[in-house]
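Only one structure is covered here, and it is reproduced in the block below.
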Amino acid sequence: MFTIRSRDLPDVADVLVVGAGASGSVAVKELAEKGFSVVCLEQGDWTPPSEFAGDKPEWELVKQKQWHPNPNVRDHPADYPIDTTESDVNPLMFSGVGGSTILYAAHWCRFLPSDFKVKTVDGIADDWPFDYAELAPYYSRMDREIGTSGLGGNTAYPDGEEFPLPPLPIGKIGRKAAEGMDKLGWHWWPGANSIPSREYRHRPSCLRYGTCLTGCPAGAKASTDITHWPAALEAGAHLVTGARVREITVDHKGLASGATYVDREGTEHHQKAAVVIVASNGVGTPRLLQLSTSSLHPDGLGNSSGLVGRNLMMHPYGAVSGTYEDNLESWLGPAGHAIESMQFYETDASRGFVRGAKWNVMPSGGPLGMRSGYGGRPVDESWGENFHRNVKANLGRSFEWGIIAEDLPDEANRVVLDPTLTDADGIAAPKLIYKSSENTTKLIDFHVDRAREAHEAAGAISTSETRLMRDCGWHLLGTARMGNDPATSVVDQWGRSHDVPNLYVIDGSVFVTSSGVNPTATIMAIALRSVEHLIGDRSNQLTSAVS
Amino acid sequence: MLTDAERERFAQIADVLIPSAEGMPSASQADVDTVWIDVALTHRPDLDELFRSALVVGDGLPGAEIVELLNAEHIPAFEALGTLTAGAYFLNPEIRVRIGYPGQVPTIPRNDVDSYSDLLENVVERGPVYRDV
Ligand SMILES: Cc1cc2nc3c(=O)[nH]c(=O)nc-3n(C[C@H](O)[C@H](O)[C@H](O)COP(=O)(O)OP(=O)(O)OC[C@H]3O[C@@H](n4cnc5c(N)ncnc54)[C@H](O)[C@@H]3O)c2cc1C
Ligand code: SF4
Numbered sequence: 001m002f003t004i005r006s007r008d009l010p011d012v013a014d015v016l017v018v019g020a021g022a023s024g025s026v027a028v029k030e031l032a033e034k035g036f037s038v039v040c041l042e043q044g045d046w047t048p049p050s051e052f053a054g055d056k057p058e059w060e061l062v063k064q065k066q067w068h069p070n071p072n073v074r075d076h077p078a079d080y081p082i083d084t085t086e087s088d089v090n091p092l093m094f095s096g097v098g099g100s101t102i103l104y105a106a107h108w109c110r111f112l113p114s115d116f117k118v119k120t121v122d123g124i125a126d127d128w129p130f131d132y133a134e135l136a137p138y139y140s141r142m143d144r145e146i147g148t149s150g151l152g153g154n155t156a157y158p159d160g161e162e163f164p165l166p167p168l169p170i171g172k173i174g175r176k177a178a179e180g181m182d183k184l185g186w187h188w189w190p191g192a193n194s195i196p197s198r199e200y201r202h203r204p205s206c207l208r209y210g211t212c213l214t215g216c217p218a219g220a221k222a223s224t225d226i227t228h229w230p231a232a233l234e235a236g237a238h239l240v241t242g243a244r245v246r247e248i249t250v251d252h253k254g255l256a257s258g259a260t261y262v263d264r265e266g267t268e269h270h271q272k273a274a275v276v277i278v279a280s281n282g283v284g285t286p287r288l289l290q291l292s293t294s295s296l297h298p299d300g301l302g303n304s305s306g307l308v309g310r311n312l313m314m315h316p317y318g319a320v321s322g323t324y325e326d327n328l329e330s331w332l333g334p335a336g337h338a339i340e341s342m343q344f345y346e347t348d349a350s351r352g353f354v355r356g357a358k359w360n361v362m363p364s365g366g367p368l369g370m371r372s373g374y375g376g377r378p379v380d381e382s383w384g385e386n387f388h389r390n391v392k393a394n395l396g397r398s399f400e401w402g403i404i405a406e407d408l409p410d411e412a413n414r415v416v417l418d419p420t421l422t423d424a425d426g427i428a429a430p431k432l433i434y435k436s437s438e439n440t441t442k443l444i445d446f447h448v449d450r451a452r453e454a455h456e457a458a459g460a461i462s463t464s465e466t467r468l469m470r471d472c473g474w475h476l477l478g479t480a481r482m483g484n485d486p487a488t489s490v491v492d493q494w495g496r497s498h499d500v501p502n503l504y505v506i507d508g509s510v511f512v513t514s515s516g517v518n519p520t521a522t523i524m525a526i527a528l529r530s531v532e533h534l535i536g537d538r539s540n541q542l543t544s545a546v547s
Numbered sequence: 001m002l003t004d005a006e007r008e009r010f011a012q013i014a015d016v017l018i019p020s021a022e023g024m025p026s027a028s029q030a031d032v033d034t035v036w037i038d039v040a041l042t043h044r045p046d047l048d049e050l051f052r053s054a055l056v057v058g059d060g061l062p063g064a065e066i067v068e069l070l071n072a073e074h075i076p077a078f079e080a081l082g083t084l085t086a087g088a089y090f091l092n093p094e095i096r097v098r099i100g101y102p103g104q105v106p107t108i109p110r111n112d113v114d115s116y117s118d119l120l121e122n123v124v125e126r127g128p129v130y131r132d133v
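In structure tokens:
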């Protein structure tokens, strides 16, 4: 199953990347194409589109286990367990080539300009070390690399966002939701998705299975195993799958010298490197940095600020589902967002909280997905004659307005090493300590009430709501934040560790604030910006004496 | 494979959960107990143990009472049983046809901008909604 793709690994790589997910893929491709020798260590394996269940009858059964986004439920050999007993939200992710983009919904969203200046505009948290205008060219390049489908002219964004592909259909659910927004005079726009609406760069068009959250059986959705890895391997990158990194090693000066990893046979290896990039996501990265202790870095690597693992942000998610008279074929993809709304995105002090949320309309799947967690409620609510009535009333007739709540950085929300729990290789597992804040509660309450009004305006005959979904930690952010001051941040604006100048972090951990949109467009744009700087500044790059 | 006794008990419970009503066949009429439960179990081997544990609850009681007992006192087993029963029912292609669910079938995306451009014009007229900072 797990295979070492490249047996001819260099003794000392120019750059070692830990994690083959969204950000790691960008770094590896960019570096390999510029001629650097790159080794990427990834604990998971490849997942060919034929393995996904989306085009098979059993899809709804297996999505609740084998393809569940919560690694504690999925319990795949590549996953590590996570102690969530002190967290309001479960972290979600995937371990494999492509990382969590294998399961992501491909909502492709840029930050808004104000997201980079939260301190300046709202007097809380911090500003980012760069702004929207600076990141915009990287967003555009990433749009072209991954093939974004969308409609230009969105009034929620500054002018200039163009998409390489026309928008995907918003379908009957999008149209119905838009009618409600129109009545209320609220903003909406067709969703931008990293899903090709027609063939793009050897990738087929989306086939609207609507199963994006469990992997795309058509091989259409832009997961980085498809968008980045073929070119990276072609350019000579080395990828070792099934390689669980247990420690980033350092030399006598405290510079990163490589990484120790365990293969799936349990054998330990060491890969030397001149530069190490950690791209293991907002939970995996602080875990690994905390595992990498030494006499020069007793509290973990790059952790002189004490902020490695802190300021975890996960975007608590609320949702209002509406049921309609008409058959809206609400199982049809993509899933993906049909439309979005940024009406209540920006702060309005009169609401009693700061910041806001993006809303998105998504399909609701098939007949089984609508029926979960029925144990303990009266039997005849879900079973007996009502079993049939519920299917008739809901199947194809309901869709959700989802609410991505911006949560603010709070040092108390953190990833630590669990004192007892370990993964299959005996390496300490992460533990999450995360409480949703009062600001978030008020924010979600306000947004849920408005989303209910949006459904009602659209003609919903009934609505139901979730104010904080536990399985919603899709976005893992902030645990190795960037900034100019080494006392209050872990890495600089290029992802370079303040403490260890040949150690970089380029995944969602570097976020200063979380924004209220899905983060992957921003993660990948920042990764591209960071790695380009690393390449451009290579003559000044300090490297380990070992190499 | 389920034993004959397990299968019999399952049929009894499954028809309480999914009876013949609203113009739809019951679980056993849709071959849930004879065909589709086996298919469902091959896809969810993780639920096998809990499922079988549900089939020994309430020996000798009528199906409806067993279901009440499971729901009150054996929630994880009842949830496994419920997921598998409903999942098996919806695996039957005839049932999918009758509920009007084609399953996830390939559909070419067609650009439908024309169908909503009237509504979008209103959004554009209302102007920007972001803070220019
Ligand atoms: C179900 C779901 C839906 C989502 N939907 C959206 C969406 O619609 N839009 C959006 O913008 N974002 C979405 N996301 C989030 C998106 O997937 C992530 O933001 C993105 O993938 C994060 O990129 P990353 O590089 O930080 O980490 P990842 O993509 O998670 O990659 C990290 C990689 O590192 C590997 N790794 C970790 N530790 C080690 C170790 N010790 N040794 C070796 N390898 C290791 C992991 O196996 C993994 O492959 C979704 C996520 C999920 C789970
Ligand atoms: S809707 Fe499109 S992108 Fe999503 S899984 Fe289906 S084919 Fe893939």
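Chains A and S supply the protein sequences, listed in that same order. For the first sequence, counting from 1, position 500 maps to 500 in this note's numbering; every step adds exactly one. For the second sequence, counting from 1, position 45 maps to 45 in this note's numbering; every step adds exactly one. For every residue, glycine included, the Cβ atom is placed at its ideal position computed from N, Cα and C. In this text, all values refer to a predicted model and were calculated from it rather than measured experimentally.
{"query": "Proximity test, A/Thr-227 beta-carbon vs ligand 2 heavy atom, cut-off 7 Å", "result": "no"}
{"query": "Contacts around A/Ile-523, its chain only, beta-carbon distance under 6 Å, and the 5 residues preceding and following it disregarded", "result": "Ala-22, Ser-23 and Gly-508"}
{"query": "Status (buried if at least 16 other CB within 10 Å, exposed otherwise) for S/Asn-122", "result": "exposed"}
{"query": "Minimum Cβ-Cβ distance from S/Thr-135 to chain A less than 8 Å", "result": "With chain S running from 1 to 133 in the structure shown, residue 135 of chain S is simply not present."}
{"query": "Inter-residue Cα distance where the pair is A/His-447 and A/Gly-160", "result": "29 Å"}
{"query": "Chain A contact for S/Ala-11 (CB, 8 Å cutoff)", "result": "no"}
{"query": "Reference A/Ser-223, options A/Ala-424, A/Thr-520, A/Gly-396 and A/Ser-341, closest by Cα", "result": "A/Thr-520"}
{"query": "CB contact flag (S/Leu-70, S/Ala-54, <8 Å)", "result": "yes"}
{"query": "A/Gln-343: contacting residues in chain S (beta-carbon distance under 8 Å)", "result": "Val-129"}
{"query": "Contact the region 355-362 of chain A vs the region 404-414 of chain A: 3+ CB pairs below 8 Å", "result": "yes"}
{"query": "A/Tyr-104 at chain S interface by Cβ criterion, 8 Å", "result": "no"}
{"query": "Where A/Gly-160 falls: helix, strand or coil (DSSP)", "result": "coil"}
{"query": "Exposure of S/Val-35, with buried meaning 16 or more beta-carbon neighbours within 10 Å", "result": "exposed"}
{"query": "Per-residue DSSP class, three states only, for A/Met-524", "result": "helix"}
{"query": "Endpoints, the alpha helix (DSSP H) within which A/Met-556 is located", "result": "This structure leaves residue 556 of chain A out entirely; chain A is present only between 1 and 547."}
{"query": "Proximity test, Cβ basis, 8 Å: S/Pro-19 and chain A", "result": "yes"}
{"query": "Closer than 7 Å at the beta carbon, the chain A residues around S/Thr-107", "result": "Leu-207, Arg-208 and Leu-332"}
{"query": "C-beta contact flag for A/Ala-525 and A/Met-142 at 8 Å", "result": "yes"}
{"query": "Counterpart residues of A/Asn-193 in DSSP-defined beta bridges", "result": "A/His-107 and A/Ser-149"}
{"query": "A/Ala-13, DSSP secondary structure in three states", "result": "strand"}
{"query": "Three-state secondary structure assigned by DSSP to A/Gln-271", "result": "strand"}
{"query": "A/Ile-339 beta carbon near ligand 2 (any heavy atom closer than 7 Å)", "result": "no"}
{"query": "Sheet register partners of A/His-238 (DSSP bridge)", "result": "A/Val-39"}
{"query": "Contacting positions in the region 44-72 of chain A - beta carbon closer than 9 Å to chain S", "result": "Ala-53, Gly-54, Asp-55, Lys-56, Pro-57, Glu-58, Trp-59, Glu-60, Leu-61, Val-62, Gln-64, Lys-65 and Gln-66"}
{"query": "Option in S/Ser-26, S/Asp-38 and S/Val-67 with minimal Cα separation from A/Glu-381", "result": "S/Val-67"}
{"query": "Residue-chain proximity (A/His-533, chain S), Cβ-Cβ < 8 Å", "result": "no"}
{"query": "is_contact[S/Ile-99, chain A] using C-beta, thresh 8 Å", "result": "yes"}
{"query": "Contacts that A/Ala-156 makes with chain S (C-beta to C-beta distance below 8 Å)", "result": "Pro-128, Val-129 and Tyr-130"}
{"query": "Listed by chain order, chain S residues near A/Gly-552 by CB distance under 7 Å", "result": "Because residue 552 of chain A is not part of the residues shown, which for chain A are 1 to 547, the question remains open."}
{"query": "Beta-carbon proximity of S/Ala-137 to S/Asp-33, cut-off 8 Å", "result": "Only positions 1 to 133 of chain S appear in this structure, which leaves residue 137 of chain S out of reach."}
{"query": "Residue-level contact to chain A via CB, S/Glu-73, 8 Å cutoff", "result": "no"}
{"query": "Proximal residues, the region 119-147 of chain A versus chain S, C-beta separation under 9 Å", "result": "Thr-120, Val-121, Asp-131 and Tyr-132"}
{"query": "Given 8 Å, three or more beta-carbon pairs between the region 159-173 of chain A and the region 321-340 of chain A", "result": "yes"}
{"query": "Contact with chain S by A/Pro-486, beta-carbon distance below 8 Å", "result": "no"}
{"query": "With 16 other Cβ atoms within 10 Å as the buried cut-off, status of A/Gly-300", "result": "buried"}
{"query": "Cutoff 8 Å: A/Asp-11 Cβ touching any chain S Cβ", "result": "no"}
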